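Inspection log for the structure reproduced underneath, given as structure tokens.
Residue numbers (the working numbering): 267 to 1184.
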């Protein structure tokens, strides 16, 4: 008899009951466990069944251990199955330690790295289910795990001996929802998930694969902990759907642009693995794989699971395959029928079933594991080499060559060919001396470290930023005493992030601007759309104050061992009349909301106020003293890192009297990701709200239930100069479960807008973000869209050759005397994604201008074509509509829960919209 073990919480080993000696005959095959065999047409297993099957396999096989890696947003256990040989599983902690030591690279020389690489096992992460409607991956993982546990052929045994495979599931909640929705229909031919009623991740749906560097969602944090703080896999394989039309599957390599922050070794190995995957498919007669130009995927953006891996020196793989439980057909696409370098073996049109996709997935997984096995020592050594390269760069003067620097070099005068070996024509050549002066300018050296001073405007937000780094395995230090570097002094409690660490590429990418190339198919052509956004510098988005240290930083500081709590708050003074709290800390909104929910009435002070010698800008929060307020304030100081001033007298001057607010957060059937992200933030900052759908809006009498209606980007269907709507599919009422029927319906200008207009004109507030700011056209506002062209008598957005800003960070001016901008600095970095902005109409009535673009050079991070068109246009405005308010924001001020620096625009609008008006 053998004892077997379940791994719980990523570290603890607990004994499981002994079972009979293992062999493939003792394993329960999927077809004997599930209601139908996974891979059968018109059938999907759900997560509860998947989870139970993994637990059964873990009791039956000595090749698997289960790890509970954390809880999901809906409270489910997120399991990871570790598959390897029994001998390897008996020494998991030893192999994990080797993987960590090589990946971290600190204090490991080449000789030790080669010794460890010889001793270690390749660690490979293979996941499923990230996007829950991409059902092939979850159903296929069931078969893959069973086959890896049951097969004993020489190749499988070699793979198990050489590799430790981490089979993860990225989205348990989504698998449960999608599978149950699909299977709800008794008639198989009626099964579908195109009419899914809500997002398949509780808050963010498809954007769960844009959360990697922020790790705001619990599932992302759980996965990141495994990847970058516990197991350090050399390969991260993230499986998706759907493949290019007329093909079966997209497999790496990827098209350019290539992000210039990470080590080129990772890209060279990515290409190797990708072509190994193609080669295995082709050798098995599995046609229809495409690469590079076959799809839009690139390696630029850091927010996706497979791409964040590159910034951690791991090989990140993405495949996109066709198929699903409902049979389909591969269409005949003429452009895919001629073999070429990016599609070596075209596929003919044919019927396609779920099991066909699962067979391809098995081949792809095997190809990855086979590569990891055959290249075990090289992969382990190279992850050390990349880490060592990063540490070396962080310890000396180094430069990152970026597109704008190359553009400067390109614009230099050419050199004339001379001598007998000179060749006329060819690419432009410039003076070689310019390499030093233009590409290695001493003033443009990469930083050796970043210092985040403790005297931030909003230190709790700085802590949130540092925690995002720590969740990604970045090493952070804290100064326990004041210190000085160069001619600048820093207080105790400041934080230091050195670039001399293995994850230097990620550090640089979070602090420095992204410099996206001007990407076109041909000179003078329109921009080629990026796969996702182009500028996302997290320090900029979160409004973090930091200093770049270009020279060595010799001081030693205290390493931060784990996630940081909010900084300690404090009470200044001993006054008994009440408290004044500055408006510049985002956490102050949590305090305000707690006070309002308790029936207390804080207010905003409209003028500057001085407390204990400190000048607080307009918007400071006044809290009259009471026993109940005392308890709430004391708790906020302890938990939220707030500084409060206890005063002997109430401050003088005008106030904005706040009152409890009822927010209606507008959503649509199927779920809007922008609304979901905002719902997450409203919960995080303790706002009271309810979701509201088109039927309720159309019914009118909105003031009965709401003080503020919040329309996030795309909540109001865009049209004309505001973009194009892409409505989701909805089921018929008779096919909709009762709990979802209130969500049905569409917003229309004819019925919804009059009800919203009546709400505003009679004292309600409408907060509109991004394309939902189209309300300025519909409610007779004194503003109009700034970025337009006329086509057939209708206003449209400018063409992309003249204006194109695909998800970038721009610098805006702020009037922080305006209530919408209370607590903001006078300039702020805003996330801008092909948004509209505003200009006054002819003979415009008064309005409040809270933020605007000034000047022609606005780009801070990303890519901007035609940014000069934004000069002088308005981004955030306060507009009176009858007795109520229309508060509009052109940028996505709550973008993916990352843009902490502009949250105040939204939070201020919600409280100000419901405030008492005289």
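Ideal placement from N, C-alpha and C gives every residue a C-beta, glycine not left out. All values reported here derive from a predicted model rather than from experimental measurement.
Within the model, the alpha-carbon separation for residue 820 versus residue 751 is close to 9 angstroms. Within a 10 Å sphere around the beta-carbon of residue 1155 sit 16 or more other beta-carbons, which makes this residue buried. DSSP, reduced to helix, strand and coil, places residue 851 outside both helices and strands of the structure shown, so it counts as coil.
Annotation: the region 926-993 contains the following complete segments of the alpha helix (DSSP H) (minimum length 4 residues), in chain order: 939-950, 960-965.
Taking all protein chains shown into account, residue 441 has 16 or more neighbouring C-beta atoms within 10 Å of its C-beta and is therefore buried. Residue environment for residue 599: exposed (fewer than 16 other C-beta atoms within 10 angstroms of its C-beta). Given a length threshold of 4 residues, each whole run of the alpha helix (DSSP H) inside the region 878-910 is given here in chain order: 893-906. Shown here for residue 559: same chain residues with a beta carbon closer than 8 angstroms to its own, the five before and five after excluded, namely 521, 608 in chain order. Beta-bridge annotation (DSSP): residue 478 is not paired with any residue.
Every unbroken stretch of the alpha helix (DSSP H) spanning 4 or more residues and falling wholly within the region 746-818 is given here in chain order: 770-777, 804-807. In the structure shown, the three-state DSSP call for residue 567 is coil. Its Cα nearest to that of residue 622, the residue 552 stands out among 552, 1117, 981. The beta carbon of residue 1093 lies closer than 8 angstroms to those of 1077, 1078, 1079, 1080 in the same chain, with the five residues before and after it left out. DSSP, read as helix, strand or coil, puts residue 485 in helix. Listed in chain order, the non-local C-beta contacts of residue 792 below 6 angstroms within the same chain comprise 1066, 1067, local neighbours out to five positions each way being set aside. For residue 694, the three-state secondary structure derived from DSSP is coil. Separation of residue 324 and residue 406 (C-alpha to C-alpha, rounded to the nearest whole angstrom) is 18 angstroms. In the structure shown, the three-state DSSP call for residue 400 is coil. CA-CA distance, residue 1183 to residue 941, rounds to 28 angstroms. When beta bridges are read from the DSSP output, residue 1105 appears opposite 1050. In the three-state scheme derived from DSSP, where H, G and I count as helix and E and B as strand, residue 500 is classed as coil.
Per DSSP, residue 602 has no beta-bridge partner at all.
The residues 313, 338, 342, 344, in chain order, have a CB closer than 7 angstroms to that of residue 438 in the same chain once the five nearest residues on each side in sequence are set aside. Annotated three-state conformation of residue 665 is coil, per DSSP.
Residue 335 counts as buried, since at least 16 other C-beta atoms from the protein chains shown sit within 10 angstroms of its C-beta.
For residue 729, the closest of 400, 616, 906 by C-alpha to C-alpha distance is 906.
Each of 1063, 303, 1102, 991 was checked against the Cα of residue 1039, and the nearest Cα belongs to 1102.
As summarised for the region 1044-1099, the continuous beta strand (DSSP E) elements at least 3 residues long and confined to that stretch are 1049-1051, 1055-1057, 1060-1062, 1074-1080, 1093-1098, given in chain order. Beta-carbon to beta-carbon, residue 526 and residue 718 are separated by about 24 angstroms, too far to satisfy the 8 angstroms threshold. The C-alpha of residue 816 is placed about 32 angstroms away from the C-alpha of residue 908.
Residue 578 carries a coil assignment under DSSP once its states are collapsed to helix, strand and coil. In terms of Cβ geometry, residue 586 and residue 507 form a close pair [threshold 8 angstroms]. Cβ-Cβ distances below 8 angstroms link residue 1104 to 1039, 1042, 1049, 1050, 1051, 1052, 1139, 1140, 1141, 1143, 1154, 1156 in the same chain, with the five nearest sequence neighbours on each side left out; the list follows chain order. When 1137, 904, 492, 372 are compared, the shortest CA-CA separation from residue 741 is found for 372. Its Cα nearest to that of residue 931, the residue 1032 stands out among 701, 1054, 992, 1032.
Rounded to whole angstroms, residue 389 and residue 496 show a C-alpha spacing of 11 angstroms.
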